[in-house]
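A short write-up of the structure that comes next.
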Amino acid sequence: MEPTLAAPEPDKDTDTVLLDAVVTRRAMYGRLTVGLLQGLLLYGLYRSANGAAWPSGEPYLFVPLLLIGVMLPLLFISALGHLDARRAAIWIGIAAAVMAGLALHDVWRDGAGAQIMPFAAQGRARMPSGQLFFFGAGFFYIAHALVLAAAIDGRRIARYATYFEVAWTLMIQLQFSAMFVGVLWLVLWLGSSLFMLLRLDFLKLLIAQSWFVVPVTCFAFSCAMHITDVRPAIVRGIRTLVLVLMSWLLPVTTLIVAGFLCTLPFTGLEALWQTRHASSVL
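Each residue of the sequence shown is one higher than the last, beginning at 2 in my numbering.
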């Protein structure tokens, strides 16, 4: 009998948190299936926009579908193995509703949120604004970390150690999954270059097809998310290394900021006002 997808109990006696998810084959198949379905959905939306077909001409439908298609599967993939079915369904449902609401508001504003896609025929297809993608990704990253931490600790407000562990784990998973996808396409490109030396262009033509690029990218990302989840010790080691490197940069940063603040009384603020961009640098 397969173990259930219950989150492990945190270590109540220490400040460490064990995030070793009980990941079954069912969770693995679920993650890979979601990644493949995400790729098919995004490819369908791409073809719709590129060919000026339905629903690209309906921004109040196309934009929410695009935003949900990009972000929601990542939440679901990450939730598998850490949340039970009931909690996962509630969280994914709430996240989908919030994404749809944000996308509809983005279209309603009809400003930056209704940018015309450069590849769309007849300029009919619209996509979410860059601000919505950027701040939306940050919002759902934080919200997802809060939900996972609460589920692991079994209470609404988790311990700080749990928040720290979950947030860093998610960040490293996302970054290394993106790196995995980049390396995959680098390998495919190098492979196509090798075959081109023999005047065989089948691989070069294949990796230029959108029906291949979009599903493979999404499937590879979901695969990488699963691999990083079933090897939590590797993720912890990477996080520890990053924090150690950053700790060595902290004295340098402190020295620079202290020197800047000590110099201000002698130079005055007039030089800052004259730059016209001091706020962004600060």
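Don't be surprised by glycine CBs; every beta carbon is placed ideally from N, CA and C. Remember, predicted model here, so these are calculated numbers, not experimental data.
Backbone CA spacing between residue i and residue j [nearest angstrom]
i: L207; j: M197; result: 13 angstroms
i: F77; j: G269; result: 53 angstroms
i: G31; j: Y61; result: 29 angstroms
i: R156; j: V148; result: 10 angstroms
i: W190; j: K205; result: 7 angstroms
i: Q174; j: T229; result: 6 angstroms
i: L273; j: S193; result: 52 angstroms
i: G58; j: Q132; result: 22 angstroms
i: S281; j: F261; result: 16 angstroms
Spatially closest choice to residue i from the options, by CA coordinates
i: I143; options: Y47, A259, F181, F165; result: F165
i: L81; options: R27, V245, P65, W249; result: R27
i: G102; options: P65, W92, V71; result: P65
i: T34; options: I228, V258, C224, W249; result: C224
i: N51; options: S211, R110, M172; result: S211
i: M226; options: I69, L171, S130; result: L171
i: G137; options: V215, A98, V184; result: A98
Enclosing alpha helix (DSSP H) for residue i [first to last residue]
i: Q39; result: 26–51
i: D202; result: Looking at the DSSP string, D202 is not in any alpha helix (DSSP H), and its letter there is neither H nor E.
i: H106; result: 86–110
i: S211; result: 211–231
i: G139; result: 131–154
i: E59; result: Here E59 belongs to no alpha helix (DSSP H), and DSSP marks it neither H nor E.
Cβ neighbours of residue i in the same chain (closer than 7 angstroms, five flanking residues each side left out)
i: A150; result: A159, T163, Y164, V167
i: T276; result: none
Sequence-distant residues of the same chain with beta carbon closer than 8 angstroms to residue i, five excluded per side
i: C219; result: G36, L37, Q39, G40, L43, P74
i: I235; result: T229
Own chain partners of residue i with C-beta closer than 6 angstroms, once the 5 adjacent residues on each side are dropped
i: L84; result: A152
i: T289; result: This structure cannot speak to residue 289, because the chain is shown only from 2 to 283.
Anticipated Cβ contact below 8 angstroms, residue i with residue j, distance rounded
i: F141; j: A96; result: 6 angstroms
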